[in-house]
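The next block holds one structure in the form of structure tokens; read it before the comments.
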Amino acid sequence: MRGDQWLDRSAGPVVRPYALTGGRTRPTGETIDLLALVSSTGATVDELLLEPEYVAVIRQCRQPKPVADLASDLDLPLGVVRILLSDMREHGLVMIRQPARNRLTDPKLLKDVADALRKL
Amino acid sequence: MPYANSDQDAVADGPVSIKILIAGGFGAGKTTLVASVSEIKPLRTEEALSEPSVLVDTLDGVEDKTTTTVAMDFGRITVRDDLVVYLFGTPGQHRFWFMWDELALGALGAVVMADTRRLADSFPSVDYFERRGLPFVVAVNCFDGAKRYHAETVRAALDLTAGIPVVLCDARQRTSSRDVLVTLVEYAIRLISDSEVMTPG
Chain F
3 MRGDQWLDRS AGPVVRPYAL TGGRTRPTGE TIDLLALVSS TGATVDELLL
53 EPEYVAVIRQ CRQPKPVADL ASDLDLPLGV VRILLSDMRE HGLVMIRQPA
103 RNRLTDPKLL KDVADALRKL
Chain E
2 MPYANSDQDA VADGPVSIKI LIAGGFGAGK TTLVASVSEI KPLRTEEALS
52 EPSVLVDTLD GVEDKTTTTV AMDFGRITVR DDLVVYLFGT PGQHRFWFMW
102 DELALGALGA VVMADTRRLA DSFPSVDYFE RRGLPFVVAV NCFDGAKRYH
152 AETVRAALDL TAGIPVVLCD ARQRTSSRDV LVTLVEYAIR LISDSEVMTP
202 G
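Chains F and E, in that order, give the protein sequences.
For the first sequence, the residue numbers in our numbering are 3 to 122.
For the second sequence, the residue numbers in our numbering are 2 to 202.
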């Protein structure tokens, strides 16, 4: 019935991504928001010694990029990306900035959003 | 400016992200709305899930749980270089409720998609956002062949608090989906200015 509608099978295997995380299913440290901005620190690294996924994150995040965009572009599940990012943060490879919540109550900003949406 | 996470994370300013949730029952048109109004991107999430039918009381760790991936509706609308609206479809099944809290955190508001043929399917979303105090609008997706109702009839059937906007839409139409989002943003602005009036200083 409804359960069959979910894409559990067609969404692909999860074993490989979790091999990448060493079998862990939870990141360390605080929860990384879906829209937290990730940017590469520019630390000098030998890319040959890094997992290809680390290298991909570093390349993708030369400009700050939200976690959800990153997961989508890397085609990796969100949970896997969060674990990667928490590891990479520990190693000084990326910086992660949580979104500023207080901006949501700025009426001027929201009016800009409404105006822009109207033009879509 | 203080940020929740300040451990030397002084990143150059990226764009401001605004998060809007798209909720509603299965088949109510969440995916259609996200696709019609935004640049959609594939996004998978996954969680360790317990099997509700077995071992309910004996689960004591992740090792006893299964992991599943879920495809999420995810779209972005670039408003300006420095301003991006993100749409996230909320997973419709009760076993994914735990994800809603995270999705709702910091969200501007939500659209609850309703199908008049299965109006009860939108009750859980309405309840959730009311309890959580997150601004939301109800978008009645006008499916071909479904009986048309007035917005007020739907409002009464959903027992909505006065003031919560109810709009009729065709989620396949970009302009119609856009208008739903505009309604939500304007409603959020109204709530903010109302609360500023009520709390002087």
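Idealized CB from N, CA, C, for every residue including glycine.
For clarity, every value in this text was computed on a predicted model and none was experimentally measured.
Exercise. Apply the 10 Å Cβ neighbour rule to Phe130(E) and answer buried if 16 or more other Cβ atoms are within range, or exposed otherwise.
Key: Phe130(E) comes out buried.
Self-check item: Distance between Gly31(F) and Ala5(E) (C-alpha atoms, nearest Å)
Solution: Low per-residue confidence applies at Ala5(E): pLDDT is 43, beneath 50, and the placement is therefore not dependable enough to give any value.
Quiz item: Just curious, the alpha helix (DSSP H) that Tyr56(F) is in, first and last residue?
Solution: In the DSSP assignment, Tyr56(F) falls within the unbroken alpha helix (DSSP H) covering 54-62.
Quiz item: Is the Cβ of Asp77(F) closer than 8 Å to any Cβ of chain E?
Solution: By this cut-off, Asp77(F) is an interface position.
Practice problem: Specify the secondary structure class of Thr23(F) as computed by DSSP and reduced to three states. | Solution: Shown here, Thr23(F) sits in coil according to DSSP, grouped into three states, outside any helix or strand.
Practice problem: Can you tell me which of the three DSSP states Leu44(E) falls into? | Solution: Leu44(E): strand per DSSP, three-state reduction.
Quiz item: What runs of the alpha helix (DSSP H), each 4 residues or longer, lie entirely inside the stretch 117-158 of chain E?
Solution: Segments of the alpha helix (DSSP H) lying fully in the stretch 117-158 of chain E: 124-133.
Quiz item: Exposed or buried, what is Leu51(F) when buried is set at 16 or more other beta-carbons lying within 10 Å of its beta-carbon?
Solution: Classification for Leu51(F): exposed.
Quiz item: The beta strand (DSSP E) spanning Arg173(E) covers which residue range?
Solution: Looking at the DSSP string, Arg173(E) is not in any beta strand (DSSP E), and its letter there is neither H nor E.
Quiz item: Do Leu37(F) and Pro101(F) come within 8 Å of each other at the CB atom, strictly closer than that value?
Solution: Yes, these two residues count as a Cβ contact at 8 Å.
Quiz prompt | Pro166(E) - DSSP class collapsed to helix/strand/coil | solution = Coil, per DSSP.
Quiz prompt | Nearest neighbour of Pro166(E), chosen from Gln174(E), Ala172(E), Ala157(E), Arg173(E) [CA to CA] | solution = Residue Ala157(E) is the option with its Cα nearest to Pro166(E).
Practice problem: Identify the contact partners of Gly107(E) in chain F, using a Cβ-Cβ distance below 8 Å as the criterion. | Solution: Ordered by position in chain F, the residues that pass the 8 Å Cβ test against Gly107(E) are Asp35, Leu37, Pro101, Arg103, Leu106.
Exercise. Determine the direct distance from the alpha carbon of Gly26(E) to that of Glu52(E), and round the result to whole angstroms.
Key: Low local confidence applies: a pLDDT of 45 at Glu52(E) is under 50, so the model's placement there is unreliable, with the coordinate-based value given in what follows. Taking the straight line joining both Cα atoms gives about 22 Å.
Quiz item: What's the C-alpha gap between Ile193(E) and Thr184(E)?
Solution: If you take the alpha carbons of Ile193(E) and Thr184(E), they lie about 14 Å apart.
Quiz item: DSSP puts Phe89(E) in a beta bridge; with which residues?
Solution: Bridge partners of Phe89(E) according to DSSP: Leu22(E), Phe75(E).
Practice problem: My understanding is that Ile85(F) touches Val40(F), with C-beta atoms under 8 Å, so please give their C-beta distance in whole angstroms. | Solution: That belief does not hold up - the Cβ atoms of Ile85(F) and Val40(F) are roughly 13 Å apart, past 8 Å.
Self-check item: Three-way DSSP call (helix, strand, coil) for Val113(E) in this model
Solution: Here Val113(E) sits in strand by DSSP.
Exercise. Using the DSSP secondary-structure output, state which residues sit across from Val17(E) in a beta bridge.
Key: The partner list for Val17(E) (beta bridge, DSSP) reads Leu84(E).
Quiz prompt | Under 7 Å from the C-beta of Phe137(E): neighbouring residues of chain F | solution = Correct list: empty, because the minimum Cβ distance to chain F is about 14 Å.
Self-check item: Beta-carbon proximity list for Met114(E), same chain, < 6 Å, skipping 5 on both sides
Solution: Same-chain partners within the cutoff: Gly25, Ala29, Gly30, Lys31, Ala140, Asn142.
Quiz item: Once you ignore the five residues that flank Thr33(E) on each side, which residues in its own chain have a CB closer than 7 Å to its CB?
Solution: Sequence-distant partners of Thr33(E) (beyond 5 residues in either direction) whose C-beta falls short of 7 Å from its own C-beta, in its chain, are Ala172, Arg173.
Self-check item: chain E residues whose Cβ lies nearer than 8 Å to that of Pro109(F)
Solution: Under the 8 Å cutoff, chain E gives Ile190, Ile193, Ser194.
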